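**Student:** Residue numbers (full-length UniProt numbering): 1 to 266.
All C-beta atoms in this analysis are idealised placements derived from N, C-alpha and C, irrespective of residue type, glycine included.
Since we're looking at a predicted model, the values are computed, not measured.
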Amino acid sequence: RDLEELDLGDNPHLRRLEGGAFRGLEKLQSLHMHRCRLAAMPHDIFHKLYSLQYLYLQENQLHFLQDDLFADLINLSQLFLHGNRIRTLSENVFRGLVNLDRLLVHDNRVRQVNRRAFRDLGRLTMLFLFNNSLAELPGQAMRDVESIQFLRLNNNPWSCGCEARPLWEFFRSNRVSSSELLCASPAPRRGLDLRFLREMDFALCPLPDPGSMAGTTTTTFSTKTRWWFSKHKPVSSTKGVFEKSSETVKAHPFSGKPSVTSTSMK
Numbered sequence: 001r002d003l004e005e006l007d008l009g010d011n012p013h014l015r016r017l018e019g020g021a022f023r024g025l026e027k028l029q030s031l032h033m034h035r036c037r038l039a040a041m042p043h044d045i046f047h048k049l050y051s052l053q054y055l056y057l058q059e060n061q062l063h064f065l066q067d068d069l070f071a072d073l074i075n076l077s078q079l080f081l082h083g084n085r086i087r088t089l090s091e092n093v094f095r096g097l098v099n100l101d102r103l104l105v106h107d108n109r110v111r112q113v114n115r116r117a118f119r120d121l122g123r124l125t126m127l128f129l130f131n132n133s134l135a136e137l138p139g140q141a142m143r144d145v146e147s148i149q150f151l152r153l154n155n156n157p158w159s160c161g162c163e164a165r166p167l168w169e170f171f172r173s174n175r176v177s178s179s180e181l182l183c184a185s186p187a188p189r190r191g192l193d194l195r196f197l198r199e200m201d202f203a204l205c206p207l208p209d210p211g212s213m214a215g216t217t218t219t220t221f222s223t224k225t226r227w228w229f230s231k232h233k234p235v236s237s238t239k240g241v242f243e244k245s246s247e248t249v250k251a252h253p254f255s256g257k258p259s260v261t262s263t264s265m266k
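#1: Measuring CA to CA, which of N131, L137 and L104 is closest to N156?
#2: Measure the Cβ-Cβ separation of T125 and D101 and say whether it is below 7 Å.
#3: In chain order, what residues of the same chain lie with their CB nearer than 7 Å to the CB of Q61, ignoring the 5 residues before and after it?
#4: Run the CB neighbour count on E59, radius 10 Å, all protein chains shown included, and call it buried at 16 or more, exposed below.
#5: State whether the region 87-95 contacts the region 41-56, with contact taken as three or more CB pairs (one from each stretch) at a distance under 8 Å.
#6: Please give the ranges of any alpha helix (DSSP H) in the region 114-197, keeping only runs that are unbroken, at least 4 residues long and fully inside the region.
#7: Classify A117 as buried or exposed, calling it buried when 16 or more other Cβ atoms lie within 10 Å of its own Cβ.
#8: Quick check: the Cα distance between C162 and C205, rounded to an integer number of angstroms?
#9: Can you give me the Cβ contacts of D68 inside the same chain, cut-off strictly under 6 Å, excluding the 5 residues immediately before and after it?
#10: Would A141 pass as a contact of V113 if the rule is Cβ separation under 7 Å?
#11: Using the rule of at least 16 other Cβ atoms within 10 Å of the residue's Cβ for burial, across every protein chain shown, is R190 buried or exposed?
#12: Out of curiosity, what's the CA-to-CA distance linking T138 and Q149?
#13: Would you say the beta carbon of C183 is closer than 6 Å to some non-hydrogen atom of the ligand SAM?
#14: Got a sec? Which residues, its chain only, sit under 7 Å from D2 by beta carbon, not counting five neighbours each side?
#15: Alpha carbons only, please: which of M33, N108, R23 and Q53 is nearest the one belonging to F64?
#16: Select from S178, F171 and W158 the residue whose C-alpha is nearest the C-alpha of A187.
#17: Take I74 and list the residues in its own chain whose beta-carbon comes closer than 7 Å to its own, dropping the five residues that flank it on each side.
#18: If you draw a straight line from the alpha carbon of E180 to that of L134, how long is it in whole angstroms?
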């Protein structure tokens, strides 16, 4: 019961764990289960391991992490999940990890990160998500990692259309050591670094309207954007749409193309 470190790593015969396998090890600080053949974790496997600081689960065969799997690990500092088969990071997957400093989830198959997945990770300084299948990251997810210093997102198929704006804005307003983020789409931006796109690249993109409850977003363009359009005249059918501060663009996220509404000012 006074055990502080347990090393079960490099064990290809370890394929499954029973729930409560570590019951009673309240003083455990370091747990190694790397390079085994674990495909799943019982929901209560880390129950009451309040002293745990280092958890090594890399290079297994994990494809799914249950909600609240790590909820009792309130003192965990470093979590290693790289080299697995994880596809999604759900809303509550990291709930409770209020002292986490390093999170390594690279070399997986992550396609989706819930916008609230990182909400308890306010002390996180290092996040590795490179070599996954991410096309975008929600803006809220990045705002939650307010202490981040080292961010590795390379080797993902980043989509650099309007959906890239939250991530682009994050890099513009935060000083963080990061890898390059090469755009995979759309075709005109393929190979460009998402971090160094221009504000004009997002000039036609709608922004969320906090007051909207119907799935509609509203954008009011900045003075700089309106000036740019005044120099690059739009076609006659939409002339003047971007030149007055009271005019907006209404966009329905599932309709494919935004519909432009202008209100003339006499």
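**Tutor:** A quick look at the data gives this:
#1: Nearest to N156 by alpha-carbon distance, out of N131, L137 and L104, is N131.
#2: Yes, the pair counts as a contact, with Cβ atoms nearer than the cut-off.
#3: A distance below 7 Å between beta-carbons, with the five flanking residues on each side excluded, links Q61 to the following residues of its chain, in chain order: R37, L38, A39, N84 and R85.
#4: Burial of E59 is indicated by the presence of at least 16 other C-beta atoms within 10 angstroms of its C-beta.
#5: Because the criterion of three Cβ pairs below 8 Å is not met, the region 87-95 and the region 41-56 do not touch.
#6: Those alpha helix (DSSP H) runs which fall completely within the region 114-197 and span 4+ residues are 139-144 and 165-173.
#7: Buried, by the Cβ-count rule.
#8: Going by the C-alpha atoms only, they are around 5 Å apart.
#9: Excluding sequence positions up to five before and after D68, its CB lies within less than 6 Å of the CB of N92 and R95, all in the same chain and listed in chain order.
#10: Cβ atoms of A141 and V113: closer than 7 Å.
#11: Exposed is the call here.
#12: Position check: residue 138 holds Pro in this sequence, whereas Thr was assumed. About 18 Å.
#13: As presented, the structure is devoid of all ligands, the ligand SAM included, so that no description of it is given.
#14: Within the same chain, and ignoring the five residues on either side of D2 in sequence, the residues whose Cβ sits closer than 7 Å to its Cβ are K27.
#15: Nearest option by C-alpha distance: N108.
#16: Of the listed residues, the one whose Cα sits closest to A187 is W158.
#17: Cβ neighbours of I74 beyond the five flanking positions: Y50, G96, V98 and N99.
#18: Approximately 14 Å between the Cα atoms of the pair.
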